[in-house]
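Written below as structure tokens is the structure these notes are about.
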Amino acid sequence: MGQQVERVDQIIAVVGLGNPGKQYEVTRHNVGFRVLDRLALSSSVKLEERKFPAIWGACLISRQKVLLLKPLTYMNRSGEAVSQMLRYFKILPKQMLVIHDDLDLALGRIRLAQRGGAGGHRGVTSIMEHLGDQDFARLKLGIGRPLHEETVEAYVLHPPYPEQGGAFEEMIKRGAEAAQMVLESGLVRAMNLFNRNDVIIEAPVRVS
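So that you can map any letter, position 98 of the sequence shown is 135 in our numbering, and since no number is skipped, the others follow by simple counting.
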């Protein structure tokens, strides 16, 4: 990949953040993993562990080789695997899209951003610290804030509330669609569509 000629503003690596292990698979913190899995499935990419502490694979999208990667270092050390991958393939931070959960977005909202701070997200913080750079694109998926006095730490490591399951799954589907559009049509076009048309997906109201 390093020998190819790519535009420096073109996304050629997508990283989904989460925690490895079956106990974390359907938790709020793992939406990045789940969106990446969906993107890999639609692109017929087999994700395998090799070279880095991550499972990853490559595919062709719009005639461009694209890397899809899930760090296996646990969320708070995501930057270890990401920095190794970027160095090995000579990819610039600005050519990477990072997919992660966001407490400050309401459930069902997704938001694309070209760059920015970590917003308290430890996985994103780890990536910034290892790269010494925050100039990389983000796809943020809203998980909202705790409603039942849980701590934030407990909230992100649990599945969505039962009444929010449908909205949660729809958000993952839309997140994969947004990531696909970034790769096929560019970040700016995807931002114009998904950020402008973004709406809150209301969870069903539970009747007692």
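Here a beta-carbon is modelled for each residue, glycine too, at the ideal position from N, C-alpha and C.
To which residues of the same chain is residue i closer than 8 angstroms at the C-beta, ignoring the five residues directly before and after it?
| i | result |
| --- | --- |
| Ala95 | Met38, Val82, Lys102, Val103, Leu104, Leu105 |
| Glu166 | Gly116 |
| Leu109 | Pro57, Glu86, Pro90, Ala91, Ile92, Ala118 |
| Lys210 | Arg75 |
| Ser245 | Any reading at Ser245 is ruled out, since the residue's pLDDT is 32, under 50, leaving its predicted position unreliable. |
| Leu142 | Arg148, Lys177, Leu178, Gly179, Ile180, Gly181 |
Pick out whichever of the options has its Cα sitting closest to the Cα of residue i.
| i | options | result |
| --- | --- | --- |
| Gly212 | Phe231, Glu187, His195 | Phe231 |
| Asp170 | Arg159, Leu184, Leu176, Gly154 | Gly154 |
| Ile164 | Ala118, Gln132, Ile48 | Ala118 |
| Gln217 | Leu109, Arg75, Pro130 | Arg75 |
| His137 | Val193, Pro199, Leu84 | Val193 |
| Ile128 | Thr64, Leu168, Leu54, Ala150 | Leu168 |
| Arg159 | Asn113, Lys131, Pro199, His185 | Asn113 |
| Val51 | Val63, His195, Phe173 | Phe173 |
| Asp46 | Arg233, Met133, His195 | Met133 |
| Ile48 | Asn229, Gly223, Thr64 | Gly223 |
| Asn229 | Lys59, Gly69, Gln151 | Gln151 |
| Gly69 | Gln121, Lys131, Lys107 | Lys107 |
| Leu53 | Lys59, Leu73, Val225 | According to the sequence as given, residue 53 is Gly; it is not Leu. It is Leu73. |
Residue range of the beta strand (DSSP E) that residue i falls in?
| i | result |
| --- | --- |
| Ile98 | 91-98 |
| Gln101 | 101-108 |
| Gly53 | 50-53 |
Spatial neighbours of residue i within its chain, please: C-beta separation below 7 angstroms, excluding the five flanking residues on both sides.
| i | result |
| --- | --- |
| Pro183 | Val189, Tyr192 |
| Ile98 | Ser80, Leu220, Glu221 |
| Val161 | Val135, His137, Ala155 |
| Ala215 | Ile147, Leu149, Leu176, Ala227, Phe231 |
| Ala77 | Leu84, Gly94, Leu105 |
Here's a check: name, in chain order, each residue in its chain whose Cβ is nearer than 6 angstroms to the Cβ of residue i, leaving out the five neighbours to either side.
| i | result |
| --- | --- |
| Asp139 | Lys177, Gly179 |
| Val42 | Confidence is the limiting factor: at Val42 the pLDDT is only 43, short of 50, which leaves the residue's position unreliable, though a coordinate-based value still follows. Correct list: empty, nothing qualifies. |
| Tyr61 | Asn67 |
| Gly156 | none |
| Arg243 | The pLDDT assigned to Arg243 is 37, lower than 50, so where the model puts this residue is not dependable; a value taken from the coordinates is nonetheless given after this. Glu200. |
| Tyr111 | Asn56 |
| Arg71 | Ile209 |
Between which two residues does the alpha helix (DSSP H) holding residue i run?
| i | result |
| --- | --- |
| Glu62 | First-last for Glu62: undefined, no H or E at that position. |
| Glu207 | 202-222 |
| Val111 | Residue identity differs from the one stated: residue 111 is Tyr in this sequence, not Val. No alpha helix (DSSP H) holds Tyr111; DSSP gives it neither H nor E. |
| Tyr18 | Since the displayed the chain opens at 38 and closes at 245, residue 18 lies outside it and no answer follows. |
When every heavy atom of the ligand MG is checked, does at least one fall within less than 7 angstroms of the C-beta of residue i?
| i | result |
| --- | --- |
| Ala50 | The model depicted lacks the ligand MG and carries no ligand whatsoever. |
Return the chain-ordered ranges of every alpha helix (DSSP H) run that is complete within the segment 119-187 and spans a minimum of 4 residues. 159-168
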